[in-house]
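*Asks:* Shown below is the structure under consideration.
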Amino acid sequence: MSLLVVGLSHRSAPVSVLERASLSADAKTKLLHDTLAAEPATEATVLATCNRIELYADVDKFHAGVAELSTLLAQHSGVALEELTPYLYVHYEDRAVHHLFSVACGLDSMVVGEGQILGQLKDALALGQELHSAGRLINDLFQQALRVGKRAHSETGIDRAGQSLVTFGLEQLAVGTPVAEWARGKRALVIGAGSMSSLAAATLARVGVAEIAVANRTGERAERLAEILVASGTGVTAVAIPMAEVADELTRVDVVVSCTGATGLVLTADDVLAAVAGGEGEGWAEPGFRPRIPGPQSPVGGAVRPTDPGSAPDPAPRTAAGLDVAGLDAADADVLARLVAAAEAGGRIADAGAARTISAPADAEADGCPVGLDGRSALTGVDANSLELHGTWADQGEAAAQRQPRRSARTQAHATDVRLALLDLAMPRDIDAAVHRIPGVRLVDIESLAEASADAPMAADVDAVRGIVAQEVAAFGAAQRAAHITPTVVALRAMAAEVVAMEVARLDGRLPDLDERQRAEVTQTVRRVVDKLLHAPTVRVKQLASEPGGAGYADALRELFDLDPQTVASVSRADAADPKNDDDPGRAS
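221 is the number of the first residue of the sequence shown in the numbering used here; add one for each residue after it.
Below, the structure is given as structure tokens:
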């Protein structure tokens, strides 16, 4: 076994790097094709989630494999190799197996013990099988990882150590209030209809939201998800809406969960600001604001929203910079507008680095912030370079603050003060990080989830899962090493059987008067002698080969018995092509 994994995750890289290094479906396909075309790799698959990107491969040479896989990850992720390298980790052979099994059990997840990773492992294996890039090793490895993950969840209380990202995210939005109490009667918008968005919609329905709107670029998938929600028995009302109506829907909902594969922002600060400003008044105060009425007129069996031309909000005032500031106090609105104006003048949008830090630390001057100590000071005339420097300074300030015990700025408001709660589970992000500066808006995203989960208590069951992982890694390694020598043992027995057949044929020539019974008895005797002579050496060599460092015993056996390498290779190919081997659940255990 020469298993190699090269990757990066939320543990090794900041969210900003993970966000840029995310892989689309086409990029994953091209990555696997190029990996197989590379000289060191013979089989491979890629595990790409919102929290990690890992390339698994069976390689002939370690150093060449690391160099090639790292280069390919950089090439297909779009992040330069020199920038990506500091965040990459490398695991080889048993350590690579240990890493994957830990991932499968949820030990390496952002929320320890979450079970969604098992579905993502299935997807990674299915992709490798579909593209024929997964061979015997990758198939054995991922199938066993799935079994180990299921064993960990069934034999321990690892589920109590954490939850899915969706549940954990909703808990962060609820700010200490029980999620069911916080969600009861709320209107929700789910953007996306993939596996994570579907999980989010199902979770929202389970915890008691009254209405869910589903928006997706493919309308059929949104309609299908809405149908499933209505049929779930939770009593939730669900409707599919076009993506073009998302901005309008924001004014009607209380909570938004977004997880799409978009490469750009799905919700900008402008969108959210306009929604909050437009949603003030009756719509936020009255529980019955624009209710959806269940009935057969719904295209998805959910509900159709009645049209009320008189209830549309008046157009919100906009500044010269094009920013809707109706929902902000005067000071914040002025600062945010100036930031946007300065950014537009410099040819860039006001992103999280520039817009999120309105109030500066007291030592800003010493650290060289070009904007000054008070973030509310006038920014008119600030050039693009200074704005970039301010963004860098703001990021450094946040990074330094993260090293101190603190609560994130995104967690200060109590849940009862929030008029629009946003959960962004996408990577790269769907929602502009700057929206958390808007009064009445609460944003929880991958970055803030990482901060919150870092302080989460670890369950005692985690130690039991680590023990399971250690046992399974040892068993998998032994099985793989034993399997490596099996073709040699089979070839040896085939050679012995051939020798027996030749000697029996020679005996027939010398003793032609033997009857069938006598000939069969002689043949059986010779076979028993050969089997007894080979039994102890072959059993012992399998035992030795299953131990660490035992790979050389196969070579020794071939050398001692002068076995034809082509014969051994043909046995290996036949074994790999046998479909029964792929269906045997105990092969790698």
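For each residue, glycine too, the CB sits at the ideal point set by N, CA and C.
Quick check: the Cα distance between ALA354 and PHE362, rounded to an integer number of angstroms?
*Replies:* 10 Å
*Asks:* Out of LEU243, LEU357, GLN744 and ARG404, state which residue places its alpha-carbon closest to the alpha-carbon of VAL266.
*Replies:* LEU243
*Asks:* Please report the Cβ distance between ASP474 and LYS406, rounded to the nearest whole angstrom; I am assuming they are in contact, meaning their Cβ atoms lie under 8 Å.
*Replies:* About 4 Å; that satisfies the 8 Å criterion.
*Asks:* Grab me the residues of GLU465's own chain with a C-beta within less than 8 Å of its C-beta, minus the 5 sequence neighbours each way, in chain order.
*Replies:* ALA435
*Asks:* Please work out which residues of its chain come closer than 6 Å, Cβ to Cβ, to ASP587, disregarding the five sequence neighbours upstream and downstream, and give them in chain order.
*Replies:* For ASP587, the predicted structure reports a pLDDT of 40, less than 50, and the residue's modelled location is therefore unreliable. A value from the coordinates is still provided. No residues qualify anywhere along the chain.
*Asks:* Quick check: the Cα distance between TYR276 and ALA451, rounded to an integer number of angstroms?
*Replies:* 40 Å
*Asks:* According to DSSP, is ASP343 helix, strand or coil?
*Replies:* helix
*Asks:* If you follow the beta strand (DSSP E) that ILE432 is in, where does it begin and where does it stop?
*Replies:* ILE432 -> beta strand (DSSP E) spans 431-435.
*Asks:* Could you give the C-beta distance for GLY227 and LEU351, rounded to a whole number, given that I count them as a contact under 8 Å?
*Replies:* Going by Cβ atoms, the distance from GLY227 to LEU351 rounds to 19 Å, so no, they are not a contact pair.
*Asks:* Considering only the alpha carbon of each residue, which of LEU292, VAL386 and ARG367 lies closest to GLU334?
*Replies:* VAL386
*Asks:* Pairing CB atoms from the segment 411-418 with CB atoms from the segment 476-487, are three or more of them under 8 Å?
*Replies:* yes
*Asks:* Have a look at the DSSP bridge pairing and note the partners of VAL263.
*Replies:* At residue 263 the sequence reads Glu, which differs from the Val that was named. Per DSSP, ASP278.
*Asks:* With H, G and I counted as helix, E and B as strand and the rest as coil, what does DSSP make of VAL332?
*Replies:* coil
*Asks:* In three-state terms, what does DSSP make of VAL237?
*Replies:* helix
*Asks:* Please determine, among LEU304, VAL410 and ALA394, the residue with the shortest C-alpha to C-alpha distance to ARG404.
*Replies:* Just measuring C-alpha positions, the residue of LEU304, VAL410 and ALA394 sitting nearest ARG404 is ALA394.
*Asks:* Quick one: using the 10 Å Cβ neighbour count with 16 as the cut-off for buried, is ALA845 buried or exposed?
*Replies:* The displayed coordinates of the chain run from 221 to 809. Any statement about residue 845 would go beyond what the structure contains.
*Asks:* Quick check on VAL235: buried or exposed, where buried means 16 or more other Cβ atoms within 10 Å of its Cβ?
*Replies:* buried
*Asks:* So, helix, strand or coil for HIS311, using DSSP?
*Replies:* DSSP places HIS311 in strand when its eight states are reduced to three.
*Asks:* What residues are listed by DSSP as bridge partners for THR743?
*Replies:* According to DSSP, THR743 bridges with nothing at all.
*Asks:* According to DSSP, ILE448 sits in a beta bridge with which residue or residues?
*Replies:* None; ILE448 has no bridge partner.
*Asks:* Would LYS762 be called buried (16 or more neighbouring beta carbons within 10 Å of its own) or exposed?
*Replies:* buried
*Asks:* What residues in its chain sit with their C-beta under 8 Å from that of LEU292, if we drop five residues either side in the sequence?
*Replies:* LEU251, ASP254, THR255, ALA258 and LEU275
*Asks:* Taking the straight line between their C-alpha atoms, what separation do you get for ASP732 and ALA740?
*Replies:* Here residue 732 turns out to be Pro, not Asp, going by the sequence shown. Taking the straight line from one Cα to the other gives about 13 Å.
*Asks:* Tell me LEU224's beta-bridge partners as DSSP assigns them.
*Replies:* ALA277 and TYR312
*Asks:* So, helix, strand or coil for LEU645, using DSSP?
*Replies:* coil
*Asks:* What number of angstroms, rounded off, separates the C-alpha of ARG444 from the C-alpha of VAL459?
*Replies:* In a straight line, the C-alpha of ARG444 is about 10 Å away from that of VAL459.
*Asks:* Could you compute how far the alpha carbon of GLY396 sits from the alpha carbon of ALA497?
*Replies:* 27 Å
*Asks:* In or out: GLN744 buried (at least 16 other Cβ within 10 Å) or exposed?
*Replies:* exposed
*Asks:* Who are VAL661's beta bridge partners in DSSP?
*Replies:* LEU640
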